[in-house]
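Colleague: Below is the structure I would like to discuss, written out as structure tokens.
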Amino acid sequence: MIGPMVRTKLRLFQHRIRGCVTFSTEQPKVVTVGIDFGCKSLRIAIMDSLVPHVINSETGRFTPSYVTFMQLNSYVPYEWGLQHLDNVGKRVAVGEIAKRQILRQPSDVIHNIKKLIGKQFDDTVVQEMRKKVYFKIIEGPGGEALVGIHGMQFSPVDITSAIFQKLKDIVLMYQFHNELQAVISVPAFFDELQKEHIKSAACKAGLKLLQLIDETTAAALSSIATEDGIVVVFGMGSGSFSATILRVSPDTNIEVITQLSDPSVDGDQFDYALVDFVSQQILELHSVDIRGDIYAMTMLVEAVEQAKVELSNKSEVTISIPSFSTSAQGPVDLNITLSRLEFENLVDKLIGEIKSKCQSVLEDAKISANDIKEIVLIGGMSRVPKIQRVVCEVFGQNLQMKANPEEAVVVGSAIHAALTAEDEQEITYNMTPLSIGIESSQGIFTRVIPRSSAIPTKQTVKIPTWLAYGERKPVKVFWGEHVMVQHNVLLGEIEVIKNQSSHYGCADLELTFEVDKNFVVKVTAKCADDESSFFAFPIAKEDRSKENVDKAVKKALLDWKMSGREIHARLKNLGWHAMNTLCDVLYARKDELPDSLYKEAAQVLVDLKKSLDGDGDGDVDVLRASVLSAKSMESKILNWLPLSDDADSEYRDV
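Heads up, the sequence shown is in this note's numbering, so the first residue is 779 and it goes up one at a time.
Here's what the structure looks like:
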């Protein structure tokens, strides 16, 4: 007699290695992340096989730094984006959900909390901020600045902790982990009290804080020079301005020569100048003063911010808000055209201050503009064309946008987190300290056994190969982490000979890698139905030393941008395969396809061939689109059916 069926729940955890997703019952243990905590938005980057990846939230590659409180029974479109606060009987909404509420109830949405951290209520920055925001900023028992909402008081640490918790949830959705080790970037002008408050917020959110890092140092790490040289990091976001001159080297030694940070000059000042200009225009055109209308001003601030962003790419924008306000004549529609030249004239005084401060930094460094090797931009305001021209005039360099200004800090923070975690990590004898893999096309290192795999371990990989009878296929085995095999250690080379004449063209080469407790790599190679070949490569103790492992990891981290070559190589392999299969399908059905479909397929092949013939650093998006078009066309041809003469008879009424 068969007993009752027992059902067990099995939880699968998601693992990501170089963009490839797998699932297993083993929960990942620790992940290192970098956090860029900005006044208007924040970003988080995770390290994936020593390559930083900025994680998407519901709004894209950033999360708005907005916080509000909502009733427990209130409906919101993103239920998972809320966190429960049992002690106050409300839910905390962070990010886009909170930002959407600002148009409904401006006084209930907290933002720019970064400016309040570690500040006293009577501080000049706090008093200026009180005039610009609509949520309550109140004085605490010890004279500190607090925020008031829904009749409750919260410290900036509480609000910041909720924001960090939101980032933690984003990482957990991306990949489940037991523990998050984080490096958080802070402005250079933050004092010790402000830094302690950031640490408290991180601890409260459940993050293991490895270190705080200056935003300028993080930016330099994200775009470090290949040779020794002097780098200028110019940063300007919504909350502050900074200009730093550093001496950097490939081994991550960063020396600050001189630095100037000023929270009184920031992107918000540009917004205020535009808001004042548009408010005056409305007063002159419609005889309506909106400065006392909290809802109209909130809509105007948001529209002005968007116009400022668009003017970085356009010569002219239109600020348009229907039924913006009301006058004696009825509803007022806002429709004002603003040119880039007008915008630059409005903020000319602010840009003059920026230029003066940059010149002061260069003088303090006692160097000339000719000594500067590279300029790194950080912050959204650094995209403004007039600001870029000023930076070039002072520091005498043509800007090369090697990194996204909005993501340079978070990428550098993630790299620093990985370096810090690597320094603390000890070499154990039951795990592989580096990866083991093979050389693929264009000298790309393809991992077979990833680093930190428990040993003994065994992995099998299949490689499609095109071999004729008796042809030899050499395969090189490497030890390391760099995306290019030339920077890794060659363990040895195996050679596979195709002996079965019954198989022509493409055949799978099956490689089985096994690492024993003595760190001997055993490789079994088999092509089609041929007999297996066995090879063994011991990993030298010197190559497994802490010093050499750290050196290999550091080199791979600093050359993380080369990971794009690996992605491009993978796509090329897929592209050649897609082209071959499409050609076969097209040839098989060439006599029955209509001319229009045949010509369409031929054009898809031409476009794909053009993308495949590009260099190794070609446009990945273009190549990916070409591969997808080829796969789609292949499916279209396979599913195409000729029209039958008696097709109508098939649809007769029963």
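Even for Gly, the Cβ is constructed at its ideal location relative to N, Cα and C.
Which residue comes first and which comes last in the alpha helix (DSSP H) that contains lysine 1025?
Modeller: The sequence position of residue 1025 within the sequence shown is 247, counting from 1. Note on identity: in this sequence residue 1025 is arginine, with lysine being the wrong assignment. Per DSSP, arginine 1025 belongs to no alpha helix (DSSP H); it is in the beta strand (DSSP E), 1019-1026.
Colleague: What first and last residue would you give for the beta strand (DSSP E) that runs through arginine 821?
Modeller: By one-based count along the sequence shown, residue 821 stands at place 43. Run containing arginine 821: 819-826, per the beta strand (DSSP E) assignment.
Colleague: Alpha carbon to alpha carbon, how far is valine 1010 from isoleucine 1153?
Modeller: Walking along the sequence shown from the start, residue 1010 turns up at place 232. Walking along the sequence shown from the start, residue 1153 turns up at place 375. Rounded to the nearest angstrom, the two C-alpha atoms are 5 Å apart.
Colleague: For lysine 1319, count neighbouring Cβ atoms within 10 angstroms of its own Cβ and tell me buried if that reaches 16, exposed if not.
Modeller: Position 541 of the sequence shown holds residue 1319. Per the 10 Å Cβ criterion, exposed.
Colleague: Please check the pair glutamine 1237 and valine 1253, which I expect to be a contact at CB under 8 Å, by giving their CB distance rounded to whole angstroms.
Modeller: On the sequence shown, residue 1237 is found 459 positions in, with the first residue counted as 1. On the sequence shown, residue 1253 is found 475 positions in, with the first residue counted as 1. With a Cβ gap of about 15 Å, glutamine 1237 and valine 1253 do not count as contacting.
Colleague: Determine the burial state of leucine 1419: buried for a count of at least 16 other Cβ atoms within 10 Å of its Cβ, exposed for fewer.
Modeller: Within the sequence shown, residue 1419 is the residue found at index 641, counting from 1. Burial call: exposed.
Colleague: Measure how close the beta-carbons of lysine 822 and valine 1110 come, nearest whole angstrom, since I'm counting them as under 8 Å.
Modeller: Counted from its first residue, the sequence shown places residue 822 at position 44. Counted from its first residue, the sequence shown places residue 1110 at position 332. The question names lysine, yet the displayed sequence has isoleucine at residue 822. Not confirmed; about 41 Å, so no contact.
Colleague: Kindly list the residues whose CB is nearer than 8 Å to the CB of isoleucine 937, restricted to its own chain and excluding five residues on each side of it in sequence; keep chain order.
Modeller: Against the sequence shown, residue 937 aligns to sequence position 159. Excluding positions up to five away in sequence, the list reads Val845, Ile888, Ile891 and Val925.
Colleague: Are the stretch 971-985 and the stretch 1111-1125 in contact at 8 Å, needing three or more beta carbon pairs?
Modeller: No, the stretch 971-985 does not touch the stretch 1111-1125.
Colleague: Taking the alpha-carbon positions, what's the lysine 909 to isoleucine 1008 distance?
Modeller: If you number the sequence shown from 1, residue 909 lands on position 131. If you number the sequence shown from 1, residue 1008 lands on position 230. One C-alpha to the other measures close to 41 Å.
Colleague: Is glycine 1221 near methionine 1262, with beta carbons less than 7 Å apart?
Modeller: Position 443 of the sequence shown holds residue 1221. Position 484 of the sequence shown holds residue 1262. Contact flag set, yes.
Colleague: Kindly identify the DSSP beta-bridge partner or partners of tyrosine 844.
Modeller: Position 66 of the sequence shown, counted from the start, is the residue given in the question as residue 844. Tyrosine 844 pairs with His889.
Colleague: Going by alpha carbons, who is nearest to aspartate 900 out of Pro884, Glu957, Glu917 and Asp886?
Modeller: Mapped onto the sequence shown, residue 900 falls at position 122. Among Pro884, Glu957, Glu917 and Asp886, the Cα nearest to that of aspartate 900 is on Glu917.
Colleague: Report back the beta-carbon spacing between aspartate 969 and glycine 1015 to the nearest angstrom; my notes put them in contact at under 8 Å.
Modeller: Within the sequence shown, numbered from 1, the residue matching residue 969 stands at position 191. Within the sequence shown, numbered from 1, the residue matching residue 1015 stands at position 237. Not really, about 19 Å apart at Cβ, beyond 8 Å.
Colleague: What is the DSSP secondary structure of leucine 1061, reduced to helix, strand or coil?
Modeller: What you label residue 1061 is simply residue 283 of the sequence shown in a count that begins at 1. Helix.
Colleague: Would you report the Cα separation of valine 1298 and isoleucine 1233, rounded to the nearest angstrom?
Modeller: By one-based count along the sequence shown, residue 1298 stands at place 520. By one-based count along the sequence shown, residue 1233 stands at place 455. Taking the straight line from one Cα to the other gives about 11 Å.
Colleague: Need the endpoints of the beta strand (DSSP E) that proline 1420 sits in, please.
Modeller: Taking the sequence shown and counting its residues from 1, the one referred to as residue 1420 is at position 642. Proline 1420 -> no beta strand (DSSP E), and no H or E assigned at all.
Colleague: Return yes when the C-beta of glutamate 1120 is under 6 Å from any heavy atom of the ligand FAD, and no when it is not.
Modeller: Questions concerning the ligand FAD fall outside what the structure shown contains, since it holds no ligand whatsoever.
Colleague: What three-state label does DSSP hand alanine 1181 in the structure shown?
Modeller: Start at 1 with the first residue of the sequence shown, and residue 1181 comes out as number 403. Three-state DSSP puts alanine 1181 in coil, outside helix and strand.
Colleague: Please list the terminal residues of the continuous beta strand (DSSP E) segment that includes arginine 882.
Modeller: On the sequence shown, residue 882 is found 104 positions in, with the first residue counted as 1. Neither: arginine 882 is in no beta strand (DSSP E) and is coded neither H nor E.
Colleague: Just the C-alpha distance for isoleucine 1023 and alanine 979, rounded to the nearest angstrom, thanks.
Modeller: Stepping through the sequence shown from its first residue, residue 1023 is reached at position 245. Stepping through the sequence shown from its first residue, residue 979 is reached at position 201. Going from the Cα of isoleucine 1023 to the Cα of alanine 979 covers about 30 Å.
Colleague: Glycine 1130 by DSSP, collapsed to three states: which one?
Modeller: On the sequence shown, position 352 is the one that residue 1130 refers to. Glycine 1130 falls in the helix class under three-state DSSP.
Colleague: Determine the extent of the alpha helix (DSSP H) in which serine 1090 is found, giving its start and end residues.
Modeller: Walking along the sequence shown from the start, residue 1090 turns up at place 312. Careful: serine 1090 lies outside any alpha helix (DSSP H) and carries neither H nor E.
Colleague: By alpha-carbon positions, which one of Arg1322, Leu1401 and Lys1304 ends up nearest to proline 1211?
Modeller: Counted from its first residue, the sequence shown places residue 1211 at position 433. It is Arg1322 whose Cα lies nearest to the Cα of proline 1211.
Colleague: Alpha carbon to alpha carbon, how far is aspartate 1385 from threonine 1224?
Modeller: The residue you call residue 1385 lines up with position 607 of the sequence shown. The residue you call residue 1224 lines up with position 446 of the sequence shown. When rounded, the distance between both Cα atoms is 28 Å.
Colleague: Measuring CB to CB, does lysine 1409 end up less than 7 Å from alanine 1366?
Modeller: Taking the sequence shown and counting its residues from 1, the one referred to as residue 1409 is at position 631. Taking the sequence shown and counting its residues from 1, the one referred to as residue 1366 is at position 588. Contact flag unset, no.
Colleague: When you compare only the Cα positions, how much space is there between glutamine 1166 and threonine 995?
Modeller: The residue you call residue 1166 lines up with position 388 of the sequence shown. The residue you call residue 995 lines up with position 217 of the sequence shown. Going by the C-alpha atoms only, they are around 20 Å apart.
Colleague: Cα separation between leucine 1474 and glutamate 1185?
Modeller: There is simply no residue 1474 to check, as the chain begins at 779 and stops at 1432 in what is shown.
Colleague: On the three-state DSSP scale, how would you describe alanine 983?
Modeller: Locating residue 983 in the sequence shown gives position 205, where the first residue counts as 1. It is coil, neither helix nor strand.
Colleague: In its own chain, which residues sit with a C-beta less than 7 Å from the C-beta of tryptophan 1354, not counting the 5 before and 5 after it?
Modeller: Taking the sequence shown and counting its residues from 1, the one referred to as residue 1354 is at position 576. Cβ neighbours of tryptophan 1354 beyond the five flanking positions: Leu1390.
Colleague: Decide if threonine 786 is buried, meaning its Cβ has at least 16 other Cβ atoms within 10 Å, or exposed.
Modeller: One-based indexing of the sequence shown puts residue 786 at position 8. Note that threonine 786 has pLDDT 45, beneath the 50 cutoff, so the model's placement of it is unreliable and the number below is only indicative. Label assigned to threonine 786: exposed.
Colleague: With lysine 1368 as the anchor, note down where its alpha helix (DSSP H) starts and where it stops.
Modeller: Stepping through the sequence shown from its first residue, residue 1368 is reached at position 590. From DSSP, lysine 1368 is part of no alpha helix (DSSP H); its letter is neither H nor E.
Colleague: Looking only at its own chain, which residues have a Cβ that is under 8 Å from the Cβ of methionine 907, when we skip the five neighbours before and after it?
Modeller: The residue you call residue 907 lines up with position 129 of the sequence shown. Taken in chain order, the residues that qualify are Asn890, Lys893, Leu894 and Ile915.
Colleague: Restricting to Cα atoms, I'd like to know which of Leu1375, Lys1377 and Leu1336 is closest to alanine 1195.
Modeller: Here residue 1195 corresponds to residue number 417 of the sequence shown, with the count starting at 1. The shortest Cα separation from alanine 1195 among Leu1375, Lys1377 and Leu1336 belongs to Leu1336.
Colleague: Helix, strand or coil for glutamate 1412, going by three-state DSSP, please let me know.
Modeller: Here residue 1412 is taken as the residue at index 634 of the sequence shown, counted from 1. In the structure shown, glutamate 1412 sits in a helix (DSSP, three-state: H, G or I).
Colleague: From leucine 1349 to lysine 1377, what does the alpha carbon distance come to, in whole angstroms?
Modeller: On the sequence shown, residue 1349 is found 571 positions in, with the first residue counted as 1. On the sequence shown, residue 1377 is found 599 positions in, with the first residue counted as 1. Using only the alpha carbons, I get a separation of about 25 Å.
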